[in-house]
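Numbering (full-length UniProt numbering), first residue to last: 1 to 129. Structure first, commentary second.
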C-alpha cells in the first residue's frame, strides 16, 4: 500500500525497487499536467469500481430555493440512473461490506447496461430496461 500525494507516490515509484508500477487516477495526473507518466489506461472490464463510486450527493433543505437552484447544475440524469441501478443490484445480492461487488455501468439512450463482478458473480452482463 502506498500513501501520500501524487508527488510522493511518483517519487517512491522512481526511487525504490519495491514495485514496477502503481495504479493512479488518470484524472489526477492530467490535472497536474503529468500525462506523460500515464503508461496504460485500464479498461472498465479490467478495473471496475464499487457501487456508487465517484457519485456526488448534495443534501439541501427542500424549501431553500436559492441553494437548490445553485446546485441544480450538478444534477446529471445518467449518473442518477447508474447509481439507482447499481444500488438496486447490490441490494438484490444483499451486498455491502461483506459481499465484494464491482460494477461498470453505462447509460445509452436511457438504457442502463451493467457489468458486474464479485464474490457471488463473475463477468455477468445485465441490460436493464
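Don't be surprised by glycine CBs; every beta carbon is placed ideally from N, CA and C.
{"Item": "For residue 106, the first and last residue of its enclosing beta strand (DSSP E)", "Value": "101-108"}
{"Item": "Between the CA atoms of residue 8 and residue 94 - distance to the nearest angstrom", "Value": "39 Å"}
{"Item": "Under the three-state DSSP convention, the category residue 2 falls into", "Value": "coil"}
{"Item": "Same chain, Cβ closer than 7 Å to residue 84, five either side skipped, listed in chain order", "Value": "none"}
{"Item": "Cβ pair residue 132, residue 29 closer than 8 Å", "Value": "Absent from the structure is residue 132, since the part of the chain shown begins at 1 and ends at 129."}
{"Item": "Validate contact between the stretch 59-66 and the stretch 95-103 using beta carbons, cut 8 Å, 3 pairs", "Value": "no"}
{"Item": "Residue 78 versus 56, 68 and 67, residue with shortest Cα-Cα distance", "Value": "56"}
{"Item": "Start and end residues, beta strand (DSSP E) containing residue 87", "Value": "No beta strand (DSSP E) holds residue 87; the alpha helix (DSSP H) holding it covers 77-92."}
{"Item": "Euclidean distance between Cα positions of residue 129 and residue 87", "Value": "At residue 129 the pLDDT is 46, less than 50, meaning the model places this residue with poor confidence and gives no usable figure here."}
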